[in-house]
Every structure is written in structure tokens, then in C-alpha cells.
Ligand SMILES: [Mg+2]
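Residue numbers (full-length UniProt numbering): 1 to 346.
1) Hey, residue 293 and residue 343 are a contact pair by Cβ (cut 8 Å); roughly how many whole angstroms apart?
2) Residue 232: which of 212, 66 and 240 sits nearest, CA to CA?
3) Does DSSP classify residue 229 as helix, strand or coil?
4) Just reading off the beta strand (DSSP E) that residue 282 is part of, what are its end residues?
5) Pull up the DSSP beta-bridge partners for residue 67, would you.
6) Considering only the beta carbon of each residue, do residue 128 and residue 332 sit closer than 8 Å?
7) Less than 8 Å between CB atoms is the rule here; does residue 26 satisfy it with respect to chain C?
8) Which residue wins for smallest C-alpha separation from residue 175, given the options 263, 123, 159 and 281?
9) Using the Cβ count rule (16 or more neighbours within 10 Å means buried), how would you classify residue 98?
10) For residue 117, which residues of its own chain have a beta-carbon under 7 Å away from its beta-carbon, when the five flanking residues on both sides are left out?
11) Buried or exposed for residue 126, please, with buried defined as at least 16 other CB atoms from any protein chain shown within 10 angstroms of its CB.
12) Closer than 7 Å to a non-hydrogen atom of ligand 2 - does that hold for the CB of residue 286?
13) Compute every distance between the C-beta of residue 213 and the non-hydrogen atoms of ligand 1, then say whether any falls below 7 Å.
14) Could you check the C-alpha separation between residue 320 and residue 11 for me, to the nearest Å?
15) In the DSSP assignment, find the unbroken alpha helix (DSSP H) run with residue 52 in it and report its ends.
16) What is the DSSP secondary structure of residue 182, reduced to helix, strand or coil?
17) Which runs of the alpha helix (DSSP H) fall wholly inside the UniProt region "Disordered" (327–346) and span at least 4 residues, in chain order?
18) For residue 218, is the beta carbon positioned less than 7 Å from some heavy atom of ligand 1?
19) Taking the alpha carbon of residue 194 as the point to measure from, which residue in 60, 249 and 228 has its own alpha carbon closest?
20) Write down the C-beta distance between residue 21 and residue 187 rounded to the nearest angstrom, noting that I regard them as a contact closer than 8 Å.
21) Just checking my contact of residue 29 with residue 57 at CB under 8 Å: how many whole Å lie between their CB atoms?
22) Exposed or buried, what is residue 136 when buried is set at 16 or more other beta-carbons lying within 10 Å of its beta-carbon?
23) Please list the segments of the alpha helix (DSSP H) lying wholly inside the segment 55–127, counting only runs of 4 or more residues, in order along the chain.
24) Could you check if residue 62 is buried or exposed, using at least 16 other CB atoms within 10 Å of its CB as the buried criterion?
25) Would you mind working out which of 120, 96 and 48 sits nearest residue 80, comparing C-alpha positions?
26) Going along the chain, which residues of its own chain have a beta-carbon closer than 6 Å to the beta-carbon of residue 19, five neighbours each way excluded?
27) So who's on the other strand from residue 32, going by DSSP bridges?
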């Protein structure tokens with residue numbers, strides 16, 4: 001068998017400018033990978049690089065030729081473990097670039113087998129769950145309008161970005177228009193440990209499911225300080241990138257927020273899910289602003305999760321790819337009518 005590979009970069013505008021504590025983006029650069037077998041079957045994956053972790057579309061494009069050479073040399077999409085291991089040996093960092101290739105090869109292999117990805121893993125599609133819909137930082141009125149629109153569209157779970165000087169006002173206003181929604185907040189490292197404890201004490205009245213990444217990742221003792229004092233469960237995102245981070249955060253958070261673009265592949269993220277469970281953590285799968293060329297693959301892990309934050313495609317003005325159907329935000333694996341990840345150019 002021989003495999004042909006290629007990649008293409010594109011810039012995708014977001015529906016609205018998206019602001020978190022670190023800054024604002026209006027578009028996202030993704031690099032889509034194609035792996036094609038002799039029979040003309042094509043696997044698709046994509047990198048949604050995050051500059052916070054040192055990756056850009058430029059760095060993805062710089063390392064993809066070496067990663068795709070691994071795929072062509074192995075020459076068999078069934079040898080997923082070998083491909084992922086050799087990619088890691090070839091390029092130690094650059095997890096979004098490796099994730100793109102991992103997704104494309106998984107997509108191709110499951111298309112060859114004629115099964116959707118979740119079935120390849122033996123997962124029950126009925127055990128799926130709904131994605132949260134993320135509200136970026138803006139003035140409280142605009143955030144409120146976005147929350148109302150999301151509720152009208154059927155979303156029952158909202159994730160609200162914080163890290164401003166008016167966090168309490170934001171949460172109070174959004175809770176007033178979404179009284180029944182499940183509500184998460186994400187400070188993206190914006191608070192000091194003491195600020196975090198004081199803020200979370202005030203926010204606890206608004207019935208939050210959890211507070212994500214209250215303090216900087218380079219302050220692990222600060223995370224523990226907050227965790228030991230917080231009346232609301234704590235999730236770790238920027239503090240939990242790869243497998244070895246799972247035991248390191250296990251005694252200082254309740255929820256691990258895992259992402260393909262942080263850990264570098266579908267096999268690695270599954271190892272992280274099981275490691276997190278073994279350490280008594282709840283598991284959330286999140287994403288960057290990504291198209292369905294990568295989000296679709298993440299959706300197949302939904303049966304293994306406690307929380308899904310897989311709204312990357314929903315935040316785009318126009319995703320060039322269809323993926324797993326999400327009626328009312330529910331990740332509907334049962335209605336997926338095609339093999340592979342379901343990512344398909346619409
Ligand atoms: Mg986060």
C-alpha cells in the first residue's frame with residue numbers, strides 16, 4: 001500500500017470577535033491534512049494551533065512535511081500506534097501539527113473499515129452528551145445577548161469567559177437570562193490565587209458547575225491554594241497539557257480539560273482520559289477555535305466524557321466542513337450516517 005499526503009492552510013473568520021483574558025481573535029488559521037490510500041479513500045484532519053503554546057500556522061506548516069513523511073514511510077493507516085510514536089520521536093513538541101495527522105490517519109483507517117470512529121473504539125453512541133457554548137468577554141449587555149441567542153438556539157450549557165474587573169456583574173447578568181442553564185466559567189489564568197478565592201466565593205451564589213483555570217499554569221501551588229479553599233469545583237486547562245500533567249494536577253483540581261491540540265493525538269488523549277479517571281478526576285474535552293476537520297474527531301470521544309466543550313466549529317462564521325450533527329448542542333453520534341470521523345467538505 002502507498003499513502004499520499006498533502007496539507008492546506010486557510011484562514012477562517014469567526015462569527016463574532018472572540019475575547020478571552022489574554023486577548024481577542026477575529027479569525028483562526030487552520031491547516032488541513034489529507035491522507036489518501038490507493039483506493040482513493042481520503043482521511044481528513046486539521047491543526048488548530050494555539051500561539052499560547054508556541055504554535056502557529058507557520059510552525060505547523062514547517063513541521064508537517066516531516067510528520068507526513070512518517071505516515072508515508074509507515075505506509076499503513078492501521079498502524080496508528082507506530083505512526084503516533086514515530087511522529088513524537090520526529091517532532092517532540094508541535095502537538096497541533098501531530099494531532100492533525102493523527103486525526104487524518106484515524107479518519108482514513110476507520111473509512112477503510114467502514115465504521116464511524118466511535119465504533120472502532122467500541123464506544124456506545126447513546127452515552128453522548130451536549131457541548132457547552134462559549135461566550136467570549138465583551139460588555140455585559142453583549143454577553144447577555146449572546147447567552148440569550150445560545151439558549152434560543154437550544155444550548156443548555158454555557159461557558160463564560162472571565163478575567164475582567166466586572167466578573168461578578170457578567171455572571172449575574174448571564175445567570176438572570178439563563179436561569180436553568182448549566183454554567184461554567186473560565187478565567188484563563190487571569191486571577192492571582194487570593195483574587196481567585198475571593199472572586200469564586202462571590203460567584204458561588206450563581207450555581208456554577210466549575211471554575212476553569214483560575215490562576216496561571218506556572219503557579220501550581222497557587223492552583224492548589226485555590227482548590228483547597230474553593231466552594232466550586234476547579235478545572236485545569238492550561239495546567240494540563242499532556243499525559244504527565246494528569247498526575248501532577250490530580251491533587252489540585254476536580255476536572256481535567258483535555259484537548260487534542262494540546263496533547264498531540266487521539267491515542268494520547270484517550271490515554272489522558274483513562275489516566276484522569278484513575279486519579280479520580282472528572283474529564284472534559286475542549287478545543288481551540290477549530291473547524292469540523294478536527295472537531296468531528298473529538299466528538300467521537302463524547303461517550304467517555306463528563307463535559308464536552310467542543311464548540312470550535314460553532315464559533316466560525318462558516319465552517320467549510322460538516323461534522324458530527326449537534327442538534328440543540330447535543331453531540332448526536334447515533335445519527336452520524338458515514339464512516340470515519342464524519343468530517344466532510346460541505
Ligand atoms: Mg479553558
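Quick reminder that beta carbons are idealized off the backbone N, C-alpha and C, glycines included.
Taking the coordinates as given:
1) 5 Å
2) 212
3) helix
4) 282–285
5) Bridge partners of residue 67: none, in fact.
6) yes
7) As a matter of chain content, chain C is missing from the structure shown, which is built from one protein chain.
8) 159
9) buried
10) 106, 110, 297, 300, 340 and 341
11) exposed
12) Ligand 2 is absent from the structure shown, which contains only ligand 1.
13) yes
14) 11 Å
15) Careful: residue 52 lies outside any alpha helix (DSSP H) and carries neither H nor E.
16) strand
17) none
18) no
19) 228
20) 6 Å
21) 4 Å
22) buried
23) 57–74, 80–90, 95–113 and 117–120
24) exposed
25) 120
26) 136 and 137
27) 8 and 46
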